[in-house]
Structures are given as structure tokens and as C-alpha cells.
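Numbering (our numbering), first residue to last: 29 to 193. Glycine residues also receive a C-beta, built at the ideal position from the N, C-alpha and C atoms. Since the structure is predicted, the reported quantities are computational estimates derived from the model, not experimental observations. Some notes on the structure that comes next.
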């Protein structure tokens, strides 16, 4: 199987998921060359969330070509960068795997949606979770925004937070 296929047609859901799997395996192997087997459960989780995101955007943004494997590559690249950054700072925190994925999904998929679509995406991506995707992403946004010194008179509203993020 080729590593990437950048074609102008639409892949079937199964083909797309297989490419997402291969791209994710490659990313994890590059991140952890000595122990990629340890991450097999994480790979399945990442693939599921990205494939679900791809499918959701394709179905809800009315344009079938609105998402492609480039979005998958962008999401995995963001995830990989975040993992490298946080492994240097917080190597003891095991929950950073999921936190990095939440941030990557937010940047690559969630922020492309309007308010109603975001609510639907949150429901789809948060199935069987006690804490919703939206709540987890909002926590990451707030954490980052608290690092900024906001002048008095500037409202710390959602639009500002998303732009800072």
C-alpha cells in the first residue's frame, strides 16, 4: 500500500480508514521508534477519532471534497508536534496523549464548524464519555488563554479565546 494517495476523487470510507491507519502508524513509529507496539491501543483510538471527524465534516459541510487526506496529515502533524513538546515538559503526565489529540482535532476539524455543527460534532466525537470533547477542548483553550496578559477593557469572550488558541 502506498503511504499517501493524493487523488482528486473520493476514497471509500474503508479505503480512507486504511490510509488513516497507515499514516497514524507512521506518525507513532516516528515519535516512538523503539516501542511502537506499546501504542497499538492509542493508534486504534486516534484512527477512530480522525475517521469519525473526516466523515462528520464530509456529511455536514455539504461539500464532499471539503476534507481529504491532507487534513489527516495536518491533524497527525499537529498531534506529533504537541506530543514532542509536551513530552519534554510533562513526561510524567500520561493523559497528554488524549489532550494532544483533542487539541489537534480542535484545530483541524472543530474550528471549521459553526455553532450548531460544533454541537453535533461534540455529540458524535464524545460518545460514551463522561466529559465531552467540547468541555475538554474548552479546558485546553482556557489553559492557554490564562497565559496571556489581557488588557483591561478587553472582553475575554469565546471569540477572543479561539483567536488566541
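The beta carbon of residue 127 is closer than 7 Å to those of 168 in its chain, skipping five residues each way along the sequence. A residue is called buried once 16 or more other Cβ atoms fall within 10 Å of its Cβ, and residue 40, having fewer, is exposed. If you look at residue 181, you'll find it isn't in any alpha helix (DSSP H); DSSP assigns it neither H nor E.
Counting the other CB atoms within 10 Å of its CB gives residue 44 a total of 16 or more, which places it among the buried residues. Taking 7 Å as the cut-off, the beta carbon of residue 74 is found no closer than this to the beta carbon of residue 100. Taking a contact to require three or more Cβ pairs closer than 8 Å, the region 145-162 and the region 171-181 do not qualify as touching. Taking the CA atoms as reference points, residue 67 sits about 7 Å from residue 56. Of the candidates 69, 61, 107, 148, the residue whose Cα lies closest to the Cα of residue 80 is 148. With a beta-carbon spacing of about 4 Å, residue 106 and residue 132 fall inside the 8 Å limit used to define contacts. For residue 128, the uninterrupted alpha helix (DSSP H) run begins and ends at 124-136, by DSSP. The beta-carbon distance between residue 63 and residue 104, rounded to whole angstroms, is 18 Å. This is too long to meet the 8 Å contact definition.
Inside the region 60-105, DSSP marks whole alpha helix (DSSP H) runs of 4 or more residues at positions 68-88, from first to last along the chain. Take residue 145, set aside five residues on each side of it, and the residues of its chain with a beta-carbon closer than 7 Å to its own are 88, in chain order. For the options 53, 143, 138, 130, the alpha carbon positioned closest to that of residue 85 is the one of 138. Judged by DSSP secondary structure, residue 139 falls outside any alpha helix (DSSP H); it is assigned neither H nor E.
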